[in-house]
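Down below is the structure, laid out as structure tokens.
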Amino acid sequence: MKPLYWFTASVISLAGAAVMTVGFFRMGNDGISKSVTETGITSLHLDVDCDVRLNVDAHADKTTVTLTHVPDSTSVSVENGTLHMTDKRTSSWLHHIQFFNLNLTKSEILITLPPEEYENVQISTGSGDIHISGLQAADMTIAIDAGDLIMEQTCADSLSADIGAGDATCNNVDIVQQSIFELGAGNLITEQMHADRLTVDVGAGDATCSNVDIVQQSIFDLEAGDLMGQNCCFGGEVSISNGAGDVDMQHLTLTADTNISCGGGDVTISMTDEPQGYRFDCSDVLGDVSINGISADYIGNSGSYAVTVTAVGDVQIDLEHTE
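To convert a position in the sequence shown, counted from 1, into this note's numbering, add 290.
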């Protein structure tokens with residue numbers, strides 16, 4: 291039996307080495323590297339598997355697409371003013387052999403755009419980061435299976451960002467209507483953002499807001515992570531739900547009824563004392579409650595805005611008086 295055993299083991303080892311060799315040859319393929327120039331682009335539809343960078347150049351009069359080591363199966367076409375980019379690779383078993391990503395060649399698509407307002411921007415990446423700078427669009431849809439999203443100096447009528455595993459960072463972003471961020475596992479950082487409505491849904495990760503102004507509706511739903519913020523103004527409906535984590539909002543302005551639910555953490559808020567006043571209800575808090583230095587479940591029965599807090603941990607709310 292021993293000769294047969296060693297023969298079988300040798301065959302398996304040789305087969306494994308052959309498969310790895312094929313994998314190494316595949317990884318050695320640097321893909322396509324070229325530049326394409328197009329005119330009359332009004333929309334972008336991208337479904338690829340690499341990093342994507344969208345930059346707006348104030349001096350550009352044409353759209354330039356620069357491909358760097360992208361897969362050979364990536365196609366580029368223009369139809370009725372829409373730039374289409376698609377990775378047409380098949381899903382054979384060999385395609386999924388990565389061998390620890392030993393090929394360190396960076397695969398990227400760089401799109402340089404003229405300073406115009408674009409109708410529809412859809413970008414989907416299986417594995418890769420998306421970086422958008424200076425873009426103005428009517429509708430923007432972002433989908434990332436694994437990778438990070440960076441947006442800066444960007445304006446849109448509506449924004450939807452869905453990230454399976456990765457972070458989202460937004461700086462100086464203006465959304466006229468609805469903005470939606472859905473993260474399976476990752477952190478959301480928003481700074482200098484304005485929107486009519488904001489919805490944040492994070493499975494595992496933190497959400498940090500700084501200098502964020504929301505007019506009509508603010509909804510935060512975190513399953514496991516902290517919600518932190520400073521210098522934010524939330525108007526209309528405000529709902530904050532945190533399954534396991536803290537809520538820490540500093541210099542917060544609320545101009546509507548607010549519900550805060552914190553399943554496994556503390557709530558610490560410093561907020562502007564509005565002239566209309568607040569009504570605080572912390573009757574469903576298991577920990578200690580301090581509202582403006584007073585230990586009480588109910589305060590301010592005559593206030594215009596109702597703030598209802600449900601928490602397992604402690605709750606501390608301080609009012610900042612402004613002249």
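Ideal Cβ placement from N, Cα and C applies to all residues, glycine included.
Go through its chain and collect everything with a Cβ distance to residue 434's Cβ below 7 Å, but skip five positions before and after it.
-> Closer than 7 Å at Cβ, skipping near neighbours: 415, 420, 453, 454, 456.
In angstroms with no decimal places, state the Cα-to-Cα distance between residue 564 and residue 545.
-> Answer to the nearest angstrom: the Cα atoms are 8 Å apart.
Limits of the unbroken beta strand (DSSP E) element including residue 491 | Where residue 491 is concerned, the enclosing beta strand (DSSP E) stretches over 478-494.
Pick from 539, 373, 532, 466 that is closest to residue 331, judged by C-alpha positions | Of the listed residues, the one whose Cα sits closest to residue 331 is 373.
Tell me, please, which residues DSSP counts as bridged to residue 399.
-> For residue 399, which the question treats as bridged, DSSP gives the partners 342, 357.
Check residue 592 in the structure and name its three-state DSSP category.
-> Looking at residue 592 - three-state DSSP - the assignment turns out to be coil, as it is neither helix nor strand.
Unbroken beta strand (DSSP E) runs of length 3 or more, entirely within the stretch 497-562: which are they?
-> Runs found: 497-514, 517-520, 523-525, 527-532, 537-545, 548-552, 557-562.
My understanding is that residue 400 touches residue 364, with C-beta atoms under 8 Å, so please give their C-beta distance in whole angstroms.
-> Wrong, their Cβ atoms sit about 13 Å apart, outside the cutoff.
To the nearest angstrom, report how far apart residue 550 and residue 426 are at their CA atoms.
-> Taken atom to atom, the span from the alpha-carbon of residue 550 to that of residue 426 is near 34 Å.
Rank 480, 495, 581 by C-alpha distance to the C-alpha of residue 488 and give the top, closest one.
-> Proximity to residue 488 across 480, 495, 581 peaks at 480, based on C-alpha coordinates.
Using beta-carbon positions only, say whether residue 442 and residue 424 come within less than 9 Å of one another.
-> Cβ atoms of residue 442 and residue 424: closer than 9 Å.
Boundaries (first-last residue) of the beta strand (DSSP E) holding residue 324 = Counting along the chain, the beta strand (DSSP E) containing residue 324 begins and ends at 322-328.
If you draw a straight line from the alpha carbon of residue 445 to that of residue 428, how long is it in whole angstroms?
-> Roughly 8 Å between the two C-alpha positions.
Endpoints, beta strand (DSSP E) assigned at residue 602 = Per DSSP, residue 602 belongs to no beta strand (DSSP E) and is neither H nor E.
How many angstroms separate the CA atom of residue 600 from the CA atom of residue 473?
-> Each residue's alpha carbon lies about 24 Å from the other.
Whole-number beta carbon distance between residue 492 and residue 515, since they are thought to touch under 8 Å = Right, their Cβ atoms sit about 6 Å apart.
What residues are listed by DSSP as bridge partners for residue 468?
-> Residue 468 is bridged to 487.
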